[in-house]
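Peer 1: My questions will all concern the structure given below.
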Amino acid sequence: MTKAEHLDSVRSWVVWAASLGAYLIAVTQRTSFGVAGLEATDRFDATASILATFSVVQLVVYAGLQIPVGILVDRWGPRAMITGGAALMMVGQFLLAMADSVASGLVGRFFVGAGDAMTFVSVIRLLPIWFSGYRIPMLTQVTGMIGQLGQLLSLIPFVALLHLWSWTPAFLSLAALSMVGFALALVLVSNGPRTDEEPPARVKARTLLAEAWREPGTRLGFWTHFTTQFTTNVFLLTWGYPFLVSGQGISPAVASGLLSIFVVVAMVAGPLLGAAVARYPHRRSAIAFNIIGMIALTWLVVILWPGRAPIWMLVILIVCVASGGPASMIGFDFVRTFNPAHVIGTATGIVNVGGFLAALVTVYVVGWLLDIQQRAAGAGAELYSLDAFRWALSFQFVMMLGGIIGMVVTRNKARRAMALRGEYTPRSQRRQGNTPGNR
Ligand SMILES: NCCCC[C@H](N)C(=O)NCC(=O)O
9 MTKAEHLDSV
19 RSWVVWAASL
29 GAYLIAVTQR
39 TSFGVAGLEA
49 TDRFDATASI
59 LATFSVVQLV
69 VYAGLQIPVG
79 ILVDRWGPRA
89 MITGGAALMM
99 VGQFLLAMAD
109 SVASGLVGRF
119 FVGAGDAMTF
129 VSVIRLLPIW
139 FSGYRIPMLT
149 QVTGMIGQLG
159 QLLSLIPFVA
169 LLHLWSWTPA
179 FLSLAALSMV
189 GFALALVLVS
199 NGPRTDEEPP
209 ARVKARTLLA
219 EAWREPGTRL
229 GFWTHFTTQF
239 TTNVFLLTWG
249 YPFLVSGQGI
259 SPAVASGLLS
269 IFVVVAMVAG
279 PLLGAAVARY
289 PHRRSAIAFN
299 IIGMIALTWL
309 VVILWPGRAP
319 IWMLVILIVC
329 VASGGPASMI
339 GFDFVRTFNP
349 AHVIGTATGI
359 VNVGGFLAAL
369 VTVYVVGWLL
379 DIQQRAAGAG
389 AELYSLDAFR
399 WALSFQFVMM
409 LGGIIGMVVT
419 RNKARRAMAL
429 RGEYTPRSQR
439 RQGNTPGNR
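Pasting the structure below:
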């Protein structure tokens with residue numbers, strides 16, 4: 009069979025580069041409020057919990073919109089969603105630039121979270137439209153990896169502008185940056201040539217969702233994303249820094265250095281995993297299980313370590329936890345290979361909820377476990393003691409176990425479905441040689 013002419017063409021690379029630019033800009037918008045925490049405290053006269061509300065609103069909006077966004081990507085195509093997302097982020101940052109009360113600031117952040125939620129799923133949806141299958145695992149990894157560099161735009165030029173020009177002009181420049189993302193998507197991104205596989209225009213959202221969810225490969229992707237990604241988010245978004253500084257007694261400067269290992273691991277592990285998945289597509293779940301095993305084992309060692317763990321052990325822990333981010337992209341590869349083209353957006357949205365949902369639950373429960381231990385210990389007890397962290401962070405094992413059970417059950421279902429289609433032969437029935445292997 010000859011491949012379609014548009015696949016892997018110059019146009020494909022242009023579309024990918026433009027959509028990647030729009031995603032990188034979305035990550036900049038996503039991370040900009042986090043680096044403006046002190047200025048936000050002044051501007052809104054806010055307490056720590058009000059400040060945290062801004063992040064929670066954004067995360068809840070992001071996770072809550074993944075499935076509707078996935079359905080809309082399948083209905084309207086990725087281009088409309090990326091341009092729409094950039095427009096919403098532009099409005100959100102403009103509102104935030106002008107906001108002088110917590111309520112108006114939260115409305116701005118709501119728009120930013122909504123626009124951000126529309127971008128990643130759409131960019132991932134473009135890959136099977138424009139590229140041959142063997143390239144997609146690597147491009148998926150590189151998309152995730154380069155997109156995360158948007159965080160550097162927040163950390164360096166945006167922080168500089170904030171100090172140089174103050175709140176309103178700095179956030180207005182972010183609104184202008186979203187305009188660049190909007191123009192890139194409008195001019196250079198295309199949904200590709202029409203194919204016979206496109207659904208009738210008015211297919212019901214419920215039908216798309218049911219079709220995507222019924223496919224065990226989608227649920228395998230969801231549980232893979234859920235289990236691999238959440239420890240990374242929990243560490244980076246909330247509990248890693250206090251655990252290192254207050255629990256393990258590491259200095260703030262060294263703790264920040266340790267957190268930067270996440271960027272290095274993403275850069276190295278992303279392409280390695282992309283190459284491994286492309287070369288051994290039938291071993292994707294085994295790769296994910298191995299990474300989850302390494303994360304669980306290193307957490308167990310650190311939690312059971314008598315006293316404070318040595319720094320080399322903390323480095324090993326962070327390297328393993330950080331590899332969960334790139335490993336989570338395997339979830340999207342399951343979506344691509346198990347689903348028909350017209351539900352890939354919806355299925356990608358479902359999968360992308362996994363890691364963020366697990367992180368939200370874990371962040372909350374770990375905080376609650378720290379609080380109740382402090383209350384139980386009586387007045388004056390330390391909130392962030394090492395022993396309190398040991399118990400609280402052990403909750404991650406519960407989530408990991410739940411995720412692993414989900415992965416095993418859905419993998420077996422996916423294999424059974426494939427066996428019925430003649431695409432998979434169980435190990436026990438495999439004769440040497442040419443039988444389809446496992447997923
Ligand atoms: N190199 C790590 C990239 C992790 C990306 C992550 N798995 C993900 O799902 N991201 C969604 C997003 O919107 O950024």
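Residues in the sequence shown are numbered consecutively from 9, following this note's numbering. Note that the Cβ used here is the ideal one computed from N, Cα and C, for glycine as well. If you're wondering where the values come from, they're calculated on a predicted model, not measured in any experiment.
#1: Could you work out which residue in P318, V310, P136 and V373 is closest to S17 when comparing CA atoms only?
#2: Check for me: the alpha helix (DSSP H) holding R423 runs from which residue to which?
#3: Mark A384 as exposed unless 16 or more other C-beta atoms lie within 10 angstroms of its C-beta, in which case mark it buried.
#4: So does the stretch 41-61 actually touch the stretch 105-118, counting three or more Cβ pairs closer than 8 Å?
#5: Would DSSP call E13 helix, strand or coil?
#6: Is the CB-CB distance between F251 and F238 below 9 Å?
#7: With DSSP as the reference, label V211 as helix, strand or coil.
#8: So is G257 buried or exposed if we call it buried at 16+ other beta carbons inside 10 Å?
#9: Figure out for me which residue from F230, W376 and A367 has the closest Cα to the Cα of F342.
#10: Applying the 10 Å Cβ sphere with the 16-neighbour rule, what's the burial state of E219?
#11: Could you pull out every residue in the same chain whose Cβ sits closer than 6 Å to the Cβ of C328, ignoring the five residues on either side in sequence?
#12: Using only the alpha-carbon positions, how far apart do P318 and L266 sit?
#13: Whole alpha helix (DSSP H) runs in the stretch 160-239 with 4 or more residues, listed along the chain?
#14: Taking the alpha carbon of T148 as the reference point, which residue from T418, R227, S336 and A263 has its own alpha carbon closest?
#15: If the criterion is Cβ atoms closer than 9 Å, does the pair R227 and K421 meet it?
#16: The alpha helix (DSSP H) with Q101 in it runs from where to where?
#17: Can you check whether the C-beta of L312 is within less than 9 Å of a C-beta belonging to chain D?
#18: So, does the stretch 402-420 touch the stretch 290-299, judging by three or more C-beta pairs under 8 Å?
#19: In the structure shown, what three-state DSSP assignment does S268 receive?
#20: Where G315 and S63 are concerned, what is the direct C-alpha to C-alpha distance, given to the nearest angstrom?
#21: Does the distance between the C-beta of G155 and the nearest non-hydrogen atom of ligand 1 fall short of 8 Å?
#22: Output the distance between the C-alpha atoms of A330 and D82, rounded to the nearest integer angstrom.
#23: Can you name, in chain order, every residue of its own chain whose Cβ lies under 7 Å from the Cβ of A213, other than the five neighbours on each side?
#24: With a threshold of 7 Å on Cβ separation, who are the neighbours of A107 within its own chain once the five nearest residues in sequence on each side are excluded?
#25: Can you determine whether any heavy atom of ligand 1 sits closer than 8 Å to the C-beta of F230, and answer yes or no?
#26: According to DSSP, simplified to helix, strand and coil, what is A26?
#27: In whole angstroms, what separates the C-alpha of T443 from that of F346?
#28: May I ask whether a heavy atom of ligand 1 can be found less than 8 Å away from the beta carbon of G152?
#29: Would you mind sorting T215 into buried or exposed? The rule is 16 or more other CB atoms within 10 Å of its CB.
#30: CB G100 to CB V68, shorter than 9 Å?
Peer 2: Let me lay it out:
#1: Residue mapping note: residue 17 aligns to position 9 of the sequence shown, counting from 1. Among P318, V310, P136 and V373, the Cα nearest to that of S17 belongs to P136.
#2: Counting from one through the sequence shown, the residue named residue 423 turns up at place 415. F403 to L428 is the extent of the alpha helix (DSSP H) around R423.
#3: Counted from its first residue, the sequence shown places residue 384 at position 376. Result: exposed.
#4: yes
#5: Reading the sequence shown from its first residue, position 5 is the one you call residue 13. If DSSP states are grouped into helix, strand and coil, E13 belongs with coil.
#6: The residue you call residue 251 lines up with position 243 of the sequence shown. The residue you call residue 238 lines up with position 230 of the sequence shown. Contact flag unset, no.
#7: Numbered from 1 along the sequence shown, position 203 holds the residue referred to as residue 211. Coil, per DSSP.
#8: The residue labelled residue 257 in the question sits at position 249 within the sequence shown. Exposed, since its Cβ has fewer than 16 Cβ neighbours within 10 Å.
#9: In the sequence shown, counting from the first residue as 1, residue 342 sits at position 334. Checked all of F230, W376 and A367; the closest Cα to F342 is F230.
#10: Stepping through the sequence shown from its first residue, residue 219 is reached at position 211. When all chains shown are included, E219 counts as buried.
#11: Position 320 of the sequence shown, counted from the first residue, corresponds to residue 328. Excluding positions up to five away in sequence, the list reads M302, I303 and T306.
#12: On the sequence shown, residue 318 is found 310 positions in, with the first residue counted as 1. On the sequence shown, residue 266 is found 258 positions in, with the first residue counted as 1. Answer to the nearest angstrom: the Cα atoms are 13 Å apart.
#13: 167-173, 175-196 and 213-222
#14: By 1-based counting over the sequence shown, the position of residue 148 is 140. Checking every option, the nearest Cα to that of T148 belongs to S336.
#15: Indexing the sequence shown from 1 puts residue 227 at position 219. Indexing the sequence shown from 1 puts residue 421 at position 413. Yes, they are a contact pair.
#16: In the sequence shown, residue 101 corresponds to position 93, counting from 1. Taken as a continuous stretch (DSSP letters only), the alpha helix (DSSP H) holding Q101 covers P86 to M106.
#17: Among the chains of the structure shown, chain D does not appear; only one protein chain is present.
#18: yes
#19: Locating residue 268 in the sequence shown gives position 260, counting from the first residue. If DSSP states are grouped into helix, strand and coil, S268 belongs with coil.
#20: The sequence position of residue 315 within the sequence shown is 307, counting from 1. The sequence position of residue 63 within the sequence shown is 55, counting from 1. Computed Cα separation, rounded: 33 Å.
#21: Here residue 155 is taken as the residue at index 147 of the sequence shown, counted from 1. The answer is yes for G155.
#22: Locating residue 330 in the sequence shown gives position 322, where the first residue counts as 1. Locating residue 82 in the sequence shown gives position 74, where the first residue counts as 1. Using only the alpha carbons, I get a separation of about 31 Å.
#23: Here residue 213 corresponds to residue number 205 of the sequence shown, with the count starting at 1. Cβ within range, chain order: I79.
#24: By 1-based counting over the sequence shown, the position of residue 107 is 99. Cβ within range, chain order: G113 and G116.
#25: Your numbering for residue 230 matches position 222 in the sequence shown. Answer for F230: no, Cβ out of range of ligand 1.
#26: Looking up residue 26 in the sequence shown gives position 18. A26: helix per DSSP, three-state reduction.
#27: Counting from 1 along the sequence shown, the entry for residue 443 is found at position 435. Counting from 1 along the sequence shown, the entry for residue 346 is found at position 338. The pLDDT assigned to T443 is 45, lower than 50, so where the model puts this residue is not dependable; a value taken from the coordinates is nonetheless given after this. Looking at the two C-alpha atoms, the distance is approximately 19 Å.
#28: Here residue 152 refers to the residue found at position 144 when the sequence shown is read from its first residue. Yes, Cβ of G152 sits closer than 8 Å to a heavy atom of ligand 1.
#29: Stepping through the sequence shown from its first residue, residue 215 is reached at position 207. That one is exposed.
#30: Counted from its first residue, the sequence shown places residue 100 at position 92. Counted from its first residue, the sequence shown places residue 68 at position 60. Not in contact: G100 and V68 (Cβ atoms no closer than 9 Å).
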